[in-house]
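Shown next, in structure tokens, is the structure this report addresses.
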Amino acid sequence: MKNEDRRKQTIRQILDATKELLREKNCHTITMKDIMEKSELSKGAIFHYVKNKDEIFAWVLQDRLEEINEQFMKEVEQGEKTFDGPMLAISSNLAALENANEVTNKVLMYLLGREDEPAVAEVLHHFYQRSVHLAKQWIVIGQQHGVIQESVDSERTAEMFVLLSFGLRVRSSFLKVPVSYTAQDLSSFMAATLKN
Numbered sequence: 001m002k003n004e005d006r007r008k009q010t011i012r013q014i015l016d017a018t019k020e021l022l023r024e025k026n027c028h029t030i031t032m033k034d035i036m037e038k039s040e041l042s043k044g045a046i047f048h049y050v051k052n053k054d055e056i057f058a059w060v061l062q063d064r065l066e067e068i069n070e071q072f073m074k075e076v077e078q079g080e081k082t083f084d085g086p087m088l089a090i091s092s093n094l095a096a097l098e099n100a101n102e103v104t105n106k107v108l109m110y111l112l113g114r115e116d117e118p119a120v121a122e123v124l125h126h127f128y129q130r131s132v133h134l135a136k137q138w139i140v141i142g143q144q145h146g147v148i149q150e151s152v153d154s155e156r157t158a159e160m161f162v163l164l165s166f167g168l169r170v171r172s173s174f175l176k177v178p179v180s181y182t183a184q185d186l187s188s189f190m191a192a193t194l195k196n
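Numbering-wise, UniProt numbering puts 64 at position 64 of the sequence shown, and it's gapless, one number per residue.
Following this line, the structure appears as structure tokens:
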């Protein structure tokens with residue numbers, strides 16, 4: 001196996017094992033030993049790629065963003081250039097933002113509690129910037145295909161959508177808070193903003 005293939009396979013094993021652990025436990029209780037056991041990788045194999053579990057958690061956030069982007073791009077590349085297919089790819093992922101036990105929500109809340117550490121602050125900054133960048137890219141693609149109005153400010157609108165989605169994520173961690181604005185409402189708001 002080539003080095004790049006081995007690297008991808010090892011990282012995938014680490015990611016999959018960590019996600020599985022995150023479905024069972026919270027971030028604070030997961031140890032590197034847990035990740036080694038679940039991934040069936042040696043300590044050396046894991047530490048060849050990362051220094052600590054926070055770096056792996058950062059990968060979990062980035063991996064989810066890239067999965068959503070792939071879903072979006074797949075919809076864009078298929079068939080007719082419509083608004084509904086790509087918007088559905090985004091909307092279908094919004095419901096997870098309201099689930100406190102969703103893996104990326106758990107990771108984000110954990111990392112927000114550690115944002116005073118420079119490496120974690122950098123991860124959060126990168127995640128936020130990448131989120132805004134992808135949202136902007138999706139809007140621009142819609143404008144290029146004529147399904148989103150040119151008058152929509154892609155930069156400001158993308159940031160607003162990301163801020164709202166982060167709000168849903170944070171709210172999901174609150175115990176039994178009354179909810180009057182849901183992920184479905186966000187989806188409807190996004191569609192109305194982009195179409196008008």
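Using N, Cα and C, we set each Cβ at its ideal position, and we do this for glycine too.
Nearest neighbour of residue i, chosen from the options [CA to CA]
{"i": "T182", "options": "K195, W59, S165, A191", "result": "S165"}
{"i": "W59", "options": "W138, M190, R130, M73", "result": "R130"}
{"i": "V50", "options": "D116, K2, L15", "result": "L15"}
{"i": "L163", "options": "H133, K106, E117, I68", "result": "H133"}
Close beta carbons around residue i, own chain, < 8 Å, minus the five adjacent residues each side
{"i": "Q13", "result": "S39, E40, L41"}
{"i": "R114", "result": "D54, V120"}
{"i": "S154", "result": "K136, I139, V140, Q143"}
Own chain, CB closer than 6 Å to residue i, minus 5 neighbours either side, in chain order
{"i": "S187", "result": "S91, L94"}
{"i": "L97", "result": "S165, L168, R169, A183"}
Cα-Cα separation between residue i and residue j, rounded to whole angstroms
{"i": "S180", "j": "E102", "result": "20 Å"}
{"i": "G142", "j": "F47", "result": "41 Å"}
{"i": "Q78", "j": "V147", "result": "15 Å"}
DSSP three-state assignment for residue i, whether helix, strand or coil
{"i": "V140", "result": "helix"}
{"i": "Y49", "result": "coil"}
{"i": "P118", "result": "helix"}
{"i": "F19", "result": "According to the sequence provided, residue 19 is Lys. The question's Phe does not apply to it. The answer is helix: DSSP assigns K19 an H, G or I state."}
{"i": "Q78", "result": "coil"}
Extent of the continuous alpha helix (DSSP H) run through residue i
{"i": "T193", "result": "183 to 195"}
{"i": "S173", "result": "Element bounds for S173: n/a, residue is neither H nor E."}
7 Å Cβ shell around residue i - same chain, five flanking residues per side excluded
{"i": "T29", "result": "none"}
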